[in-house]
Amino acid sequence: MQRLSKISDLQNDEPVRGFKIDGVEIRLIRLPLKEPFETSFGKIDSRLIFLVCLHAEGLRGWGEVVASEKPLYSYETVGTAFHLIKDFLGPALMSGPIRGLGDLANRLSSFRGHNMAKAGLELAYMDLLAQVCQQPLSALIGGKHKHVAVGVSLGIQPTLPQLLERVERYLDLGYQRIKLKIKPGWDLDVVAEVRRTYPKILLSVDANSAYTLNDRDHLRRLDDFDLLMVEQPLQNDDLLDHAKLQQLMNTSICLDESIVGQRQAAAALELGSCRIINIKIGRVGGYSEALAIHDLCASSEIPVWCGGMLESGIGRAHNIALASLKGFTLPGDISASSRYFERDIIHPEVTVAADGTVVVPEKPGLGFDVDLDLIEALTETREYISPETT
Ligand code: OSB
Ligand code: MG
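Residues in the sequence shown are numbered from 14 upward in steps of one, following the numbering used here.
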């Protein structure tokens, strides 16, 4: 087995010994959130977590589909991803050995869209490949950082004092950047107050597409608050309006929902739609696209950071591996397990050190042990796709 050290090794298939997939297991488990999470598009108090487990070589590789129950952040849902994996994507992996990430991505690429479903399979495959290669996932993809810097994404709160209490709490815990969710009616006054209280902190805002270009004058007032970025102010599919808005604002626009793959990233950079990109491995379809976007941004000197989707420990472990790549220079939305859940499904749980960093694990594979007993106990729905069932 050759060691993989360069991202390019993953994209051309040669160095990887192929292995046959014995089966794809998909499960839904529900994890209650410690407190509700509210954004401009809605509020949730639990996460229906979609786990993917690839069985091969006597090993299990774990991935997570980051889709939500309702099509609000993306058109994908837990239900659509279940259908896609069960009926199309899972069966596409059953014929012959998989010969690398490129091979896997190719088998899925003829199916249009549904990146979150595809990513679940890519993640599980990469965990498995890292175990087969006896390498940490971060090393397998060419990660450099030993620690990754993290920030926290704070949802819309019932009152401003409740928000200020949370800002203080996470700053005390060491988080390096505070991101405030905003929407019309919960924006300028809130940001002004947080900035007045903490004149020096790294502060950003995320609108999750709550505005239109008609709000340009309103949005320009965000320039008064020395923000690191304003994330996804406008519609998910509107690179052109984002480019117009970026022209009018000093604050850097960061795109999240708009960047569903490397082509959108390239178009956004060419149009000037943003100056920063949030890479979410689930939203872009997995490692193959995430690595390509990372490389593209690195060559264009565009800073990137790792976004989050309130994942379980399994998705979070993949985010940590991704964020270890050199181009991830801004704090990611990777919080401690205890920030979201009473009990996570990995051991050890993800913790954030007092300096606002998370350690990149050095064990082979994901670098965390998956708590199969807990997953088993929490499983609400399960399906097994194998050569026999397809
Ligand atoms: O826009 O970044 C977002 C959570 C769900 C959906 C979209 C977003 C978010 C977050 C949470 O901001 C980040 C986290 O996982 O802590
Ligand atoms: Mg966002």
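Each residue gets a CB set at the ideal place from its N, CA and C atoms; glycine is no exception.
Look at residue i and residue j and say whether their C-beta atoms are less than 8 angstroms apart.
| i | j | result |
| --- | --- | --- |
| Ile-290 | Cys-319 | no |
| Ser-53 | Asn-221 | yes |
| Ser-156 | Leu-304 | The amino acid occupying residue 156 in the given sequence is Gly; Ser does not appear at that position. For Gly-156 and Leu-304, no; Cβs fall outside 8 angstroms. |
| Val-372 | Gly-340 | no |
| Leu-379 | Ala-330 | yes |
| Thr-394 | Arg-40 | yes |
| Val-165 | Ala-130 | no |
| Asp-346 | Gly-369 | no |
| Ala-132 | Cys-66 | no |
| Val-218 | Leu-193 | yes |
| Leu-252 | Arg-233 | no |
| Val-204 | Leu-235 | yes |
| Asp-35 | Ala-69 | yes |
| His-360 | Asp-382 | yes |
| Glu-244 | Lys-47 | no |
| Asp-250 | Ser-271 | yes |
| Leu-282 | Ser-313 | yes |
| Leu-97 | His-127 | yes |
| Ile-266 | Arg-288 | yes |
| Ala-334 | Leu-150 | yes |
Going straight from the alpha carbon of residue i to that of residue j, what length do you get?
| i | j | result |
| --- | --- | --- |
| Glu-206 | Asp-237 | 12 angstroms |
| Gly-109 | Lys-33 | 6 angstroms |
| Ile-306 | Gly-298 | 11 angstroms |
| Thr-264 | Leu-216 | 11 angstroms |
| Gly-115 | Ser-301 | 7 angstroms |
| Ile-191 | Asp-269 | 17 angstroms |
| Glu-51 | Ile-327 | 23 angstroms |
| Thr-210 | Pro-174 | 12 angstroms |
| Leu-391 | Arg-60 | 12 angstroms |
| Asp-357 | Pro-377 | 20 angstroms |
| Ile-294 | Asn-227 | 31 angstroms |
| Gly-31 | Arg-179 | 48 angstroms |
| Trp-75 | Ala-162 | 24 angstroms |
| Glu-375 | His-160 | 11 angstroms |
| Asn-25 | Leu-117 | In this prediction, Asn-25 has a pLDDT of 47, which is less than 50 and means its spatial position is unreliable; what the coordinates show is noted afterwards. Roughly 11 angstroms separates the two Cα atoms. |
| Arg-125 | Leu-102 | 11 angstroms |
| Pro-84 | Leu-64 | 18 angstroms |
| Ser-286 | Glu-389 | 44 angstroms |
| Pro-45 | Ser-351 | 12 angstroms |
| Gln-277 | Leu-134 | 22 angstroms |
| Asp-258 | Arg-229 | For clarity, residue 258 is Leu in the given sequence; the question names Asp instead. Roughly 7 angstroms separates the two Cα atoms. |
| Ala-366 | Gln-189 | 11 angstroms |
| Glu-38 | Pro-344 | 33 angstroms |
| Thr-225 | Lys-196 | 11 angstroms |
| Asp-140 | Ala-336 | 15 angstroms |
| Glu-181 | Glu-324 | 24 angstroms |
| Asp-22 | His-231 | The pLDDT assigned to Asp-22 is 49, lower than 50, so where the model puts this residue is not dependable; a value taken from the coordinates is nonetheless given after this. Looking at the two C-alpha atoms, the distance is approximately 47 angstroms. |
| Leu-17 | Gly-187 | For Leu-17, the predicted model reports a pLDDT of 43, less than 50, meaning its position is unreliable and no value from the coordinates is stated. |
| Lys-19 | Pro-104 | Interpretation of Lys-19 is limited by its pLDDT of 42, a score under 50 that renders its predicted location unreliable; the figure taken from the coordinates is listed afterwards. About 29 angstroms. |
| Gly-113 | Tyr-397 | 22 angstroms |
| Gln-15 | Gln-144 | Confidence at Gln-15 is low in this model, with a pLDDT of 35, below 50, so its placement is unreliable and the value that follows should be read with caution. Going by the C-alpha atoms only, they are around 13 angstroms apart. |
| Ala-152 | Asn-332 | 14 angstroms |
| Asp-384 | Leu-176 | 33 angstroms |
| Lys-56 | Tyr-86 | 12 angstroms |
| Ile-169 | Thr-93 | 28 angstroms |
| Leu-142 | Lys-213 | 43 angstroms |
| His-158 | Ile-315 | 18 angstroms |
Quick check: is any heavy atom of the ligand MG less than 7 angstroms from the C-beta of residue i?
| i | result |
| --- | --- |
| Gln-248 | no |
| Glu-51 | no |
| Asn-332 | no |
| Asn-291 | yes |
| Glu-244 | yes |
Is there a Cβ of chain B sitting closer than 8 angstroms to that of residue i, yes or no?
| i | result |
| --- | --- |
| Gly-380 | Among the chains in the structure shown there is no chain B, since it carries only a single protein chain. |
request  = Taking only runs that begin and end inside the segment 350-376, name each unbroken beta strand (DSSP E) of 3 or more residues, in chain order.
outcome  = 370-372
ask   = Closer than 6 angstroms from C-beta to any heavy atom of the ligand OSB: which residues, in chain order?
value = Tyr-86, Ser-166, Asp-219, Asn-221, Asp-269, Gly-320, Gly-321, Met-322, Leu-323, Asp-346, Ser-348
ask   = Which ranges would you report for the beta strand (DSSP E) in the segment 191-269 if only whole runs of at least 3 residues count?
value = 215-219, 242-244, 266-268
task = Could you tell me which uninterrupted alpha helix (DSSP H) segments, each at least 4 residues in length, are contained entirely in the segment 78-156, listed from first to last along the chain?
result = As far as the segment 78-156 is concerned, its whole alpha helix (DSSP H) runs of at least 4 residues are 91-97, 114-122, 128-145, 150-153.
key: Continuous beta strand (DSSP E) assignments of at least 3 residues falling wholly in the segment 303-340   = 317-319
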